[in-house]
Amino acid sequence: MLAALALRLSNAAAASHAPLVRYEGTTLSMGCVYAIEAYGSSDAVLRRIVSEAFAEVDRIDRVMSNYKQDSALSRINVEAGRHPVTVDPELFDFIAAAMRYSRESGGAFDITVGPLMKAWGFFGGDGRMPAGEELAAARRHVGSRHVILNARARTVAFDDPGVELDLGGIAKGYAVDRAAALLRGQAAAALISAGGSTIYGLGAPPARDGWDVAIQDPADGRKVAMTVQLRDRALSVAGTSEKSFEAGGVRYAHIMDPRTGRPVQGILSVAVLTRTGTAGDALDDALFVLGPDGSRRYLETLTETDALFFLPAGEHGWRLIRESRR
């Protein structure tokens, strides 16, 4: 009896010190490559849970995409200007959370930017200069004041049929969080990336204190600006390199200031480290719009948040302003 117990304890101890296996997987979803690197005790378990995480990302895309005509979000955009649209609890709570980010940021983050993205040619394209009348018309449809949420009935309505929701500034971060939630407890550690724009480090890889993640040099994408370490934290980066065009000697990027109706100028990129991918995805856009000076009051309301502002300096350089809130 004692010998059998000792054998079981010996086997358990050996298993607990067995080297972890590593598994990597990728999938294309939400217009980018989602990648997961995970460590665990079983290759079969890692394969299964990574596959489930990717399936969850695809599910969120089917609900929240404004590119898919049959998504729940597209249905809202088509119908909510005519009558209230009943949505499921997850989507309602998500839209309500996005609206809170809009209010708290003074409108710097706004999920009603859809008409502006189309006017500037960034919806499915690399951008173009809109005509004055087109831009003025788009601006009339932008603003969270146009969105009416009824929590009791769980409905979304617009007071203007020209309003369109665009969750692209926050949905990828939410998908990263959902993937991390599935991996937590099943994997010893994991790194989840949504095209490099939002990354979550779950735990730490073997013999490391956390996941070392590089932030791209905003002036030269072939270089690394700096490396940060993630352990149960997220990194989100908003930059001008993803989609942009040049007109009249001025470069216009896809990050829109909802308050002016124009692309933001004078900032190369903003990186945010925070507790969740959802928060980071919303905050990097909001802080990009507000800039380092305009962000300070908003940052005072936040905790466990680091913001890195990369500003132009010289012909091909940049300078860094860092703000931290604990």
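Numbering (my numbering), first residue to last: 9 to 334. We put the beta carbon where it would ideally sit given N, CA and C, even for glycine. As the structure is a prediction and not an experimental result, all values here were calculated from the model.
Check your understanding: Do the region 274–285 and the region 239–255 touch if we need at least three Cβ pairs shorter than 8 Å?
Key -> Because the criterion of three Cβ pairs below 8 Å is met, the region 274–285 and the region 239–255 touch.
Point to revise | Residue of 330, 177, 312, 313 minimising C-alpha distance to residue 262 | key: Looking up residue 262 in the sequence shown gives position 254. Considering only alpha carbons, the answer is 177.
Practice item. Look at the Cβ atom of residue 174, then the Cβ atom of residue 154, and state whether they are nearer than 7 Å. Key: Start at 1 with the first residue of the sequence shown, and residue 174 comes out as number 166. Start at 1 with the first residue of the sequence shown, and residue 154 comes out as number 146. Contact: no.
**Study point:** Pick from 157, 33, 35, 41 that is closest to residue 102, judged by C-alpha positions
**Key:** The residue labelled residue 102 in the question sits at position 94 within the sequence shown. Cα-wise, what sits closest to residue 102 is 157.
Practice item. Go ahead and label residue 91 buried or exposed: buried means 16 or more other beta carbons lie within 10 angstroms of its beta carbon, across all protein chains shown. Key: Start at 1 with the first residue of the sequence shown, and residue 91 comes out as number 83. It counts as exposed.
Exercise for review: Just grab the DSSP bridge partners of residue 320 for me.
Suggested key: Position 312 of the sequence shown holds residue 320. The bridge partners DSSP lists for residue 320 are 326.
Point to revise | residue 188 - partner residues in DSSP beta bridges | key: Counted from its first residue, the sequence shown places residue 188 at position 180. In the DSSP secondary-structure assignment, residue 188 is not bridged to any residue.
Review point. Any idea what DSSP makes of residue 125, helix, strand or coil?
Key: The residue labelled residue 125 in the question sits at position 117 within the sequence shown. Three-state DSSP puts residue 125 in a helix.
Review point. Any beta-carbon of chain D closer than 7 Å to the one on residue 331?
Key: Although the question refers to chain D, the structure presented lacks it and comprises just one protein chain.
Check your understanding: Nearest CA to the CA of residue 47: which residue from 194, 241, 134?
Key -> Working through the sequence shown from its first residue, we reach residue 47 at position 39. Of the candidates 194, 241, 134, the residue whose Cα lies closest to the Cα of residue 47 is 194.
Point to revise | Burial state of residue 324, where buried means 16 or more other Cβ atoms lie within 10 Å | key: For this step, residue 324 is matched to residue 316 along the sequence shown. So residue 324 counts as exposed.
Exercise for review: Kindly indicate the opening and closing residues of the alpha helix (DSSP H) around residue 74.
Suggested key: Taking the first residue of the sequence shown as position 1, residue 74 is located at position 66. For residue 74, no alpha helix (DSSP H) run applies, since DSSP gives it neither H nor E.
Exercise for review: Could you tell me whether the region 58–74 touches the region 178–191, where touching means 3 or more Cβ pairs closer than 8 Å?
Suggested key: In short, these stretches touch, since the Cβ pair count reaches three.
Review point. Which runs of the alpha helix (DSSP H), 4 residues or longer, sit entirely within the region 42–124?
Key: Counting only runs that start and end inside the region 42–124, the alpha helix (DSSP H) elements of at least 4 residues fall at 51–72, 80–87, 97–112.
Practice item. Between the Cα of residue 76 and those of 213, 39, 57, 53, spot the shortest distance and give me the residue it belongs to. Key: The residue you call residue 76 lines up with position 68 of the sequence shown. Looking at the Cα atoms, 39 is the closest of the given residues.
Check your understanding: Excluding the five sequence neighbours on either side, which residues of its own chain have a C-beta within less than 8 Å of the C-beta of residue 326, listed in chain order?
Key -> Counting from 1 along the sequence shown, the entry for residue 326 is found at position 318. So the qualifying residues of the chain are 225, 226, 227, 233, 276, 318, 319, 320.
Review point. What is the rounded straight-line gap between the Cα of residue 159 and the Cα of residue 330?
Key: Taking the first residue of the sequence shown as 1, we reach residue 159 at position 151. Taking the first residue of the sequence shown as 1, we reach residue 330 at position 322. When rounded, the distance between both Cα atoms is 38 Å.
Check your understanding: If residue 116 and residue 294 are in contact, beta carbons under 8 Å, what's the gap, nearest whole angstrom?
Key -> As a working mapping, residue 116 is identified with position 108 in the sequence shown. As a working mapping, residue 294 is identified with position 286 in the sequence shown. Distance from residue 116 to residue 294 at the Cβ level is roughly 4 Å; contact confirmed, criterion being Cβ atoms closer than 8 Å.
Review point. Roughly how many whole angstroms lie between the Cα atoms of residue 289 and residue 140?
Key: For this step, residue 289 is matched to residue 281 along the sequence shown. For this step, residue 140 is matched to residue 132 along the sequence shown. When only Cα atoms are considered, residue 289 and residue 140 end up about 30 Å apart.
**Study point:** Cutoff 6 Å; reference residue 212; Cβ partners in own chain excluding five residues on either side
**Key:** Mapped onto the sequence shown, residue 212 falls at position 204. Excluding residues within five positions, the ones whose Cβ falls inside 6 Å are 197, 218, 239.
Practice item. Determine the direct distance from the alpha carbon of residue 88 to that of residue 315, and round the result to whole angstroms. Key: Start at 1 with the first residue of the sequence shown, and residue 315 comes out as number 307. Start at 1 with the first residue of the sequence shown, and residue 88 comes out as number 80. Taking the straight line joining both Cα atoms gives about 35 Å.
Point to revise | DSSP-derived helix/strand/coil call for residue 285 | key: Translated into the one-based positions of the sequence shown, residue 285 becomes position 277. Residue state for residue 285 is assigned as helix, using DSSP reduced to three classes.
Review point. Beta strand (DSSP E) containing residue 175: first to last residue?
Key: The residue labelled residue 175 in the question sits at position 167 within the sequence shown. Element bounds for residue 175: n/a, residue is neither H nor E.
Exercise for review: Spatial neighbours of residue 93 within its chain, please: CB distance less than 8 Å, with the 5 preceding and 5 following residues excluded, ordered by chain position.
Suggested key: Locating residue 93 in the sequence shown gives position 85, counting from the first residue. Non-local C-beta neighbours of residue 93 in its own chain, meaning closer than 8 Å and more than five positions away in sequence, comprise 83, 84, 87, 163, 164, 165, ordered along the chain.
Check your understanding: What are the boundary residues of the alpha helix (DSSP H) that includes residue 141?
Key -> Reading the sequence shown from its first residue, position 133 is the one you call residue 141. Note, residue 141: alpha helix (DSSP H), 140–148.
Exercise for review: Count the other CB atoms, across all protein chains shown, that sit within 10 Å of the CB of residue 172; report buried if there are 16 or more and exposed otherwise.
Suggested key: The residue labelled residue 172 in the question sits at position 164 within the sequence shown. The C-beta of residue 172 has 16 or more other C-beta atoms within 10 Å across all chains shown, which makes the residue buried.
Check your understanding: For residue 143, which residues from the same chain have a beta carbon less than 7 Å from its beta carbon, with the 5 sequence-adjacent residues on both sides left out?
Key -> Translated into positions along the sequence shown, residue 143 becomes position 135. Answer for residue 143: 127, 269, listed in chain order.
Exercise for review: Could you please give the first and the last residue of the uninterrupted beta strand (DSSP E) stretch that includes residue 137?
Suggested key: Here residue 137 corresponds to residue number 129 of the sequence shown, with the count starting at 1. DSSP places residue 137 outside any beta strand (DSSP E), giving it a letter other than H or E.
Practice item. Consult DSSP for residue 152 and reduce its assignment to one of helix, strand or coil. Key: Along the sequence shown, read from residue 1 onward, the residue named residue 152 stands at position 144. Note: residue 152 maps to helix in three-state DSSP.
**Study point:** Simplified DSSP assignment, three categories, for residue 271
**Key:** Here residue 271 corresponds to residue number 263 of the sequence shown, with the count starting at 1. Residue 271 falls in the strand class under three-state DSSP.
Exercise for review: Put residue 238 into one of helix, strand or coil per three-state DSSP.
Suggested key: The residue given as residue 238 occupies position 230 in the sequence shown. Three-state result, residue 238: strand.
Review point. To the nearest whole angstrom, what separates the beta carbons of residue 61 and residue 210, a pair I think is in contact under 8 Å?
Key: Here residue 61 corresponds to residue number 53 of the sequence shown, with the count starting at 1. Here residue 210 corresponds to residue number 202 of the sequence shown, with the count starting at 1. Residue 210 and residue 61 do not touch by the CB rule: their CB atoms are close to 11 Å apart, not below 8 Å.
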